[in-house]
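Report on the structure given below.
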Amino acid sequence: MSPFPADFRWGVTTSSFQIEGATEEDGRGESVWDMFVRREGVIAGNGKADVACDHYHRWQEDVDWLSKLGVNAYRLSVAWPRILPEGTGRIEQRGLDFYDRLIDGLLVKGIEPWVCLYHWDFPLALFNRGGWLNRDSARWFADYVEVVVRRFSDRVTQWITFNEPQVFISEGHYWGRHAPGLHLPWKEVLLAGHHALLAHGYAVSAIRSIAAKTPFIGYAPASPVSLPALNSAEDVAIAYSESCAVTHESLWNMAWWLDPVVLGHYPADGVKVFGANAPSPAPGDMEAISQPLDFLGLNLYWGPRVDTTHRGREAVWTYPADHPRTAFGWAIVPEIMHWGPRFMAKRYGLPIVVAENGISCLDFVATDGSVHDGARVDFITRHLAMLQSAITAGVDIRGYFHWTLLDNFEWADGYKQRFGLIHTDFATGTRTPKDSFNHYRDIIAANGANLPSGNIGITEPDIWEKLIVT
Ligand code: IFM
Numbered sequence: 065m066s067p068f069p070a071d072f073r074w075g076v077t078t079s080s081f082q083i084e085g086a087t088e089e090d091g092r093g094e095s096v097w098d099m100f101v102r103r104e105g106v107i108a109g110n111g112k113a114d115v116a117c118d119h120y121h122r123w124q125e126d127v128d129w130l131s132k133l134g135v136n137a138y139r140l141s142v143a144w145p146r147i148l149p150e151g152t153g154r155i156e157q158r159g160l161d162f163y164d165r166l167i168d169g170l171l172v173k174g175i176e177p178w179v180c181l182y183h184w185d186f187p188l189a190l191f192n193r194g195g196w197l198n199r200d201s202a203r204w205f206a207d208y209v210e211v212v213v214r215r216f217s218d219r220v221t222q223w224i225t226f227n228e229p230q231v232f233i234s235e236g237h238y239w240g241r242h243a244p245g246l247h248l249p250w251k252e253v254l255l256a257g258h259h260a261l262l263a264h265g266y267a268v269s270a271i272r273s274i275a276a277k278t279p280f281i282g283y284a285p286a287s288p289v290s291l292p293a294l295n296s297a298e299d300v301a302i303a304y305s306e307s308c309a310v311t312h313e314s315l316w317n318m319a320w321w322l323d324p325v326v327l328g329h330y331p332a333d334g335v336k337v338f339g340a341n342a343p344s345p346a347p348g349d350m351e352a353i354s355q356p357l358d359f360l361g362l363n364l365y366w367g368p369r370v371d372t373t374h375r376g377r378e379a380v381w382t383y384p385a386d387h388p389r390t391a392f393g394w395a396i397v398p399e400i401m402h403w404g405p406r407f408m409a410k411r412y413g414l415p416i417v418v419a420e421n422g423i424s425c426l427d428f429v430a431t432d433g434s435v436h437d438g439a440r441v442d443f444i445t446r447h448l449a450m451l452q453s454a455i456t457a458g459v460d461i462r463g464y465f466h467w468t469l470l471d472n473f474e475w476a477d478g479y480k481q482r483f484g485l486i487h488t489d490f491a492t493g494t495r496t497p498k499d500s501f502n503h504y505r506d507i508i509a510a511n512g513a514n515l516p517s518g519n520i521g522i523t524e525p526d527i528w529e530k531l532i533v534t
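Just so we're aligned, residue 65 is where the sequence shown starts under the numbering used here, counting upward by one.
This is the structure we're talking about:
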């Protein structure tokens with residue numbers, strides 16, 4: 065019998081900028097990404113997103129693919145500058161109308177829309193007023209969220225505030241690899257992060273106060289959870305403690321982004337690590353940030369394996385050269401689907417939704433007209449079997465969203481990385497379902513009962529009740 069509950073959400077996820085295209089249509093304003101992609105040399109192959117998957121025009125076809133896949137949930141993101149071209153003030157009805165059609169199209173097919181309110185397309189007009197460095201950004205975001213919630217909450221109940229603040233804050237403002245392409249000192253990066261956290265909190269309050277139907281609200285940080293090198297009591301204890309820690313000057317951790325939101329304070333170790341650069345919250349900020357949530361979204365791709373000698377900075381990327389990897393070079397570690405939910409549920413006490421998980425592969429259309437992505441087929445099997453293991457261990461896991469439906473614009477990697485269950489021919493827009501599409505479809509149809517168990521899964525050492533954050 066399948067351990068997946070009968071109402072488990074089997075889904076896929078996409079984001080507006082990565083698939084929509086039509087960047088100059090129907091009054092859409094520019095985002096920081098429109099500005100960034102114009103820079104020479106920052107995107108692989110100088111890829112642009114003005115067409116991407118042309119989902120803005122082909123959304124009905126894409127909804128049909130979702131229906132063929134058999135998902136009961138689809139996570140989309142709304143492009144802020146489509147709704148408010150200047151970021152605040154004037155509302156663009158045609159932008160709202162697009163999402164209106166999409167949401168209705170999903171509902172007709174029995175697919176529940178999960179709406180993510182921010183997947184990195186920050187309005188350029190507001191960037192020119194200081195972006196996330198301006199404290200007003202928190203209010204700007206909440207005002208935009210109100211417009212979206214007023215329009216869609218008669219049909220949408222599932223909301224996600226932010227996708228991966230680690231990425232849009234640290235990749236965008238410290239490393240400069242993502243829009244807006246800044247290289248700021250830590251003090252300013254952390255200030256931008258503080259305003260983003262405040263924006264999250266204000267948005268949660270806004271959704272709760274105005275939603276027409278009782279909302280189910282979550283937040284989806286990137287989740288580079290630490291994994292035990294061996295399944296020993298000692299390594300599991302180290303992995304748990306590292307998963308909840310800020311060990312060195314980096315924003316690629318969970319605690320900096322989750323402790324404020326769920327526990328109401330910045331983590332003490334992080335404050336120590338960042339020292340004088342740590343933000344000084346204004347009175348009331350931490351209460352505003354830590355609004356009760358209904359679920360924690362985890363974006364699970366990879367994580368370091370830790371033990372007594374490989375921890376903190378030493379654990380960052382210690383996989384041997386011959387370890388299985390994605391086309392991106394990320395180590396494939398299916399046990400992240402067991403330990404990620406297990407550790408984060410223990411630490412934060414919230415129901416878990418896997419808000420993203422997927423693999424980039426070097427996929428192409430074969431002579432028989434199909435796309436044989438065996439690596440992704442295997443990846444899905446192993447990862448879902450490990451998720452099953454976490455459910456069996458007692459974690460309340462409500463859903464799984466595979467990243468992603470279609471090959472799409474992969475940010476700084478442009479069109480080089482293919483993550484889709486469906487192959488996109490970017491010259492013609494033609495969609496070709498890959499072998500993994502059929503595989504995931506069959507798993508969904510069986511509610512996971514056809515997944516292997518037994519030899520794929522984790523029997524935990526007897527340490528669970530004693531785990532503490534050190
Ligand atoms: O494509 C991205 C997505 O936008 C955010 N999470 C990771 C994916 C793969 O890199």
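Cβ coordinates follow ideal geometry from the N, Cα and C atoms, glycine included.
Span of the beta strand (DSSP E) around residue i
| i | result |
| --- | --- |
| ALA352 | Counting along the chain, ALA352 falls outside any beta strand (DSSP E), though it belongs to the alpha helix (DSSP H) covering 349-353. |
| PRO249 | That residue, PRO249, is in no beta strand (DSSP E); it is neither H nor E in DSSP. |
| HIS487 | 486-488 |
| ILE224 | 222-227 |
| ARG139 | 137-141 |
| GLU420 | 416-420 |
| PHE122 | In the sequence as presented, Phe is not what sits at residue 122; that position holds Arg. Element bounds for ARG122: not the beta strand (DSSP E) but the alpha helix (DSSP H), 119-133. |
| TRP467 | 461-467 |
| PHE359 | 359-363 |
Residue span of the alpha helix (DSSP H) that contains residue i, given as start and end
| i | result |
| --- | --- |
| PRO288 | Per DSSP, PRO288 belongs to no alpha helix (DSSP H) and is neither H nor E. |
| GLU306 | 297-307 |
| VAL96 | 96-101 |
| THR445 | 438-456 |
| ILE508 | 499-509 |
| PHE280 | It is not in any alpha helix (DSSP H) - PHE280 instead sits in the beta strand (DSSP E) that spans 280-284. |
| GLN82 | 80-83 |
| TRP475 | First-last for TRP475: undefined, no H or E at that position. |
| ILE147 | 144-147 |
Sub-7 Å separation of residue i and residue j beta-carbons
| i | j | result |
| --- | --- | --- |
| PHE186 | VAL106 | no |
| TRP184 | PHE226 | no |
| HIS447 | ILE522 | no |
| LEU364 | GLY422 | no |
| PRO567 | SER296 | What the structure shows of the chain is the stretch from 65 to 534, and residue 567 is not part of that stretch, so it cannot be assessed. |
| LYS277 | THR221 | yes |
| LEU360 | ALA391 | no |
| ALA385 | PRO368 | no |
| PHE501 | ARG139 | no |
| TRP223 | PRO149 | no |
| TRP196 | ALA256 | yes |
| VAL326 | TYR412 | yes |
| GLN7 | ALA319 | Nothing can be reported for residue 7, as the shown portion of the chain is limited to 65 through 534. |
| SER79 | SER141 | yes |
Helix, strand or coil at residue i according to DSSP, with G and I counted as helix
| i | result |
| --- | --- |
| ILE402 | Position check: residue 402 holds His in this sequence, whereas Ile was assumed. Residue state, collapsed to three classes: helix. |
| PRO528 | In the sequence as presented, Pro is not what sits at residue 528; that position holds Trp. Looking at TRP528 - three-state DSSP - the assignment turns out to be helix. |
| ALA395 | strand |
| GLN157 | helix |
| PHE68 | coil |
| TRP74 | strand |
| HIS237 | helix |
| ARG219 | coil |
| ARG369 | strand |
| VAL533 | coil |
| VAL429 | coil |
| ARG203 | helix |
| VAL115 | coil |
| VAL435 | strand |
| ARG482 | strand |
Residue i: CB within 6 Å of a non-hydrogen atom of the ligand HEM
| i | result |
| --- | --- |
| GLU235 | The ligand HEM is not part of the structure shown, which contains the ligand IFM as its ligands. |
The segment 129-149 contacting the segment 469-487, beta-carbon criterion three pairs below 8 Å: yes
In the segment 307-331, which residue ranges form an unbroken alpha helix (DSSP H) of at least 4 residues, counting only runs that do not cross its ends? 319-322
Scan the segment 168-199 and note each continuous beta strand (DSSP E) run of 3 residues or more that stays entirely inside, going in chain order. 176-182
Is the segment 472-489 touching the segment 254-262, taking contact as three or more C-beta pairs under 8 Å? no
Decide if the segment 343-356 is in contact with the segment 424-440; the criterion is three or more beta carbon pairs, one per stretch, under 8 Å apart. no
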